[in-house]
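2 protein chains.
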Amino acid sequence: MFMAGDRLYVLLERLGNLLRTEERAAGLPHGLQPVHLQALRYLQACNRYSNTPAALTEYLGLTKGTVSQTLLLLEEKGLLRKEADTEDRRVIHLLLTEEGRAVLKEALPPELFKRALTRLPGDGAALEEALSELLSSLQAANDQRSFGVCGTCKHFQREGSGRFRCGLTREPLSREDSELLCREHAALPAGH
Amino acid sequence: MFMAGDRLYVLLERLGNLLRTEERAAGLPHGLQPVHLQALRYLQACNRYSNTPAALTEYLGLTKGTVSQTLLLLEEKGLLRKEADTEDRRVIHLLLTEEGRAVLKEALPPELFKRALTRLPGDGAALEEALSELLSSLQAANDQRSFGVCGTCKHFQREGSGRFRCGLTREPLSREDSELLCREHAALPAGH
DNA sequence: TCGATTTGTTTCGACTCGATACCAAATGCG
DNA sequence: CGCATTTGGTATCGAGTCGAAACAAATCGA
């Protein structure tokens, strides 16, 4: 009666709903919706090439008009500020304020999620691995970018003794840079 | 910098967003939103004790007012019909129409999801298992019902040769019944 | 019997989201 | 160079979700 992927789909759907509900509750005291928290979290984790409205739009999978509204609200609440790019005057960079970081730290991940994790057998590493695979597949199928961490990108170059460089922009990268999400991220060819 | 459960949370969040986006696209030709498809799917999979607005409300984790709206829309579109309960005149049973089943069959799971699954190594059984665990934990933490299939409930009783009974309602159950979701589902004590 | 609880509906307002139109800066091409 | 195209971002509108609260009706319980 059911196809193989069906149960998996239902599971993911329900988990997604649950997280959404928790996120709604977590954001309520700050007057934030789930999408606002997701935006803040992305901005906290992305690198300096990727903290723009356009990149956030791709990450969230929404339209740019919608995201523009979201950003307006977050700016009004003082959780982020906008800064013009020095090279391309169309581009705007989005920077979390201290308040923004504080909200994130308090609200995400929601308390109940953290508690539920402690009941899980094992450390969840295998689960994480499997979900990563699934996400990549889905992103590939949807022509979406992967938004992986810089250091796992095929453009990432090691120059010895903790010095790195991006093969795309040619810019040098610090160790901190190498741990941030990048919109230009391209997965390495298969094989670990 | 990141806690252990953090990456897992991000993964689930992103997968949830992706599924939601696909669901939105899948429902668009029928004028349906993600939540409408989820409601239809639940009604297709649940048993005769659980096809009521109240049960659907618990399943979706929304308020009853919201769900009432959803049901109004689905009824207007001819995807389900309401039927009064014969015993308790407050309760209403929700039954999918043929059109409702047809829409579900065509729209869920979305095409892209199915294609992405084929790229996954293995059959996803392990992933399914792990996600089930996680879902149970989260539901327990949120005081939510599990909505498992009837045959895995602690009230489920085997009476030999394909005959079953629900220890809660005392009613006999067919094999088909035993495979449906039940709002009264209570997990068996741990241990397989 | 009478109040409390449960089931479902209605109404209202805040908010998300996509669509569309629009503007400005950058890019590409003859 | 000059002009069309592309890209980044904003503004406005309408459809729709969602929670909160008030409401009605049936059932349950002391």
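Read top to bottom, the protein sequences are chains F and R.
Per the working numbering, residue 3 is the first one in the first sequence, and the count goes up by one each step.
Per the working numbering, residue 3 is the first one in the second sequence, and the count goes up by one each step.
C-beta: ideal position from N, C-alpha, C; glycine also.
All of these numbers come straight from a predicted model, not from anything done at the bench.
With 16 other Cβ atoms within 10 Å as the buried cut-off, status of residue 145 of chain F: For residue 145 of chain F, the number of other beta carbons within 10 angstroms of its own is below 16, and it is reported as exposed.
Residue 10 of chain F and residue 136 of chain R closer than 8 Å at C-beta: Not closer than 8 Å, so no.
Neighbouring residues, chain F, relative to residue 51 of chain R (Cβ below 8 Å): Simply none; closest approach about 19 Å.
Chain R residues whose Cβ lies nearer than 8 Å to that of residue 31 of chain F: Going along chain R, no residue has its Cβ under 8 Å from residue 31 of chain F, so there is no contact; the nearest lies around 18 Å.
Cβ shell of residue 194 of chain R (< 7 Å), same chain only, five flanking positions each side left out: Note that residue 194 of chain R scores 41 on pLDDT, short of 50, meaning its location in the model is unreliable; the coordinates nonetheless yield the value given after this. None.
Local conformation of residue 188 of chain R per DSSP, three classes: Coil.
Amino acids of chain R, ordered along the chain, whose beta-carbon sits closer than 9 Å to that of residue 8 of chain F: Listed along chain R are 110 and 111, each with a C-beta nearer than 9 Å to that of residue 8 of chain F.
Reduced DSSP secondary structure (H/G/I, E/B, other) of residue 159 of chain F: DSSP places residue 159 of chain F in strand when its eight states are reduced to three.
Partner residues on chain F for residue 135 of chain R, Cβ-Cβ distance less than 9 Å: Those are 121, 122, 123 and 129, listed as they occur along chain F.
Extent of the continuous alpha helix (DSSP H) run through residue 95 of chain F: Looking at the DSSP string, residue 95 of chain F is not in any alpha helix (DSSP H); the run it does join, the beta strand (DSSP E), is 94-98.
Alpha-carbon spacing of residue 31 of chain F relative to residue 74 of chain F, whole angstroms: One C-alpha to the other measures close to 19 Å.
Residue 4 of chain R versus residue 105 of chain F: straight-line alpha-carbon distance, rounded: In this prediction, residue 4 of chain R has a pLDDT of 49, which is less than 50 and means its spatial position is unreliable; what the coordinates show is noted afterwards. About 16 Å.
Where residue 40 of chain F falls, given that 16 or more other Cβ within 10 Å makes a residue buried: Residue 40 of chain F is buried by the Cβ-count criterion.
Residue span of the alpha helix (DSSP H) that contains residue 75 of chain F, given as start and end: First-last of the alpha helix (DSSP H) with residue 75 of chain F: 66-78.
Beta-carbon spacing of residue 70 of chain F, residue 185 of chain F below 8 Å: Cβ distance not < 8 Å, so residue 70 of chain F and residue 185 of chain F don't count as in contact.
Proximity of residue 49 of chain F and residue 152 of chain F at Cβ, strictly below 8 Å: Yes, these two residues count as a Cβ contact at 8 Å.
C-alpha distance - residue 161 of chain F paired with residue 173 of chain F, whole-angstrom precision: The C-alpha of residue 161 of chain F lies about 12 Å from the C-alpha of residue 173 of chain F.
Boundaries of the alpha helix (DSSP H) in which residue 43 of chain F is found, first to last residue: It spans 36-47 - the alpha helix (DSSP H) in which residue 43 of chain F sits, taken as one unbroken run.
Contacts that residue 41 of chain R makes with chain F (C-beta to C-beta distance below 9 Å): What residue 41 of chain R touches in chain F: nothing, since even the nearest Cβ is about 12 Å away.
Proximal residues, the stretch 156-167 of chain F versus chain R, C-beta separation under 9 Å: Taken residue by residue, none of the stretch 156-167 of chain F has a beta-carbon sitting less than 9 Å from a beta-carbon on chain R.
Nearest neighbour of residue 72 of chain R, chosen from R:46, R:35 and R:26 [CA to CA]: Comparing Cα-Cα distances from residue 72 of chain R to each of R:46, R:35 and R:26, the minimum goes to R:35.
Short CB-CB distance (under 8 Å) between residue 68 of chain F and chain R: No, residue 68 of chain F lies away from the interface with chain R (no Cβ there is under 8 Å from its Cβ).
Contact list for residue 153 of chain F against chain R, beta-carbon separation under 8 Å: Ordered by position in chain R, no residue passes the 8 Å Cβ test against residue 153 of chain F, which lies about 14 Å from the chain.
Residue 101 of chain F versus residue 16 of chain R - alpha carbon distance: Looking at the two C-alpha atoms, the distance is approximately 24 Å.
Minimum Cβ-Cβ distance from residue 82 of chain R to chain F less than 8 Å: Between residue 82 of chain R and chain F, the shortest Cβ-Cβ separation is not below 8 Å.
Contact check, residue 95 of chain R vs residue 147 of chain R, beta carbons under 8 Å: Taking a C-beta distance under 8 Å as the contact criterion, residue 95 of chain R and residue 147 of chain R do not qualify as a contact pair.
Which of helix, strand or coil DSSP assigns to residue 85 of chain F: In the displayed model, residue 85 of chain F falls within a strand according to three-state DSSP.
Boundaries of the alpha helix (DSSP H) in which residue 117 of chain F is found, first to last residue: For residue 117 of chain F, the enclosing alpha helix (DSSP H) covers residues 113-120.
Residue-level contact to chain F via CB, residue 77 of chain R, 8 Å cutoff: Contact with chain F is absent for residue 77 of chain R, since none of that chain's Cβ atoms lies less than 8 Å from the residue's Cβ.
For residue 79 of chain F and residue 116 of chain F, the rounded distance between their alpha carbons: Here the alpha carbon of residue 116 of chain F sits roughly 27 Å from the alpha carbon of residue 79 of chain F.
Proximal residues of chain R, C-beta to C-beta of residue 20 of chain F below 8 Å: Chain-order list of chain R residues neighbouring residue 20 of chain F: 63, 137, 140, 141, 144 and 146, by C-beta distance under 8 Å.
Beta carbon proximity, residue 194 of chain R to chain F, threshold 8 Å: Any reading at residue 194 of chain R must be qualified, since the residue scores a pLDDT of 41, below 50, and its modelled position is unreliable; no value is offered.
Counterpart residues of residue 167 of chain F in DSSP-defined beta bridges: In DSSP, residue 167 of chain F forms a bridge with F:159 and F:174.
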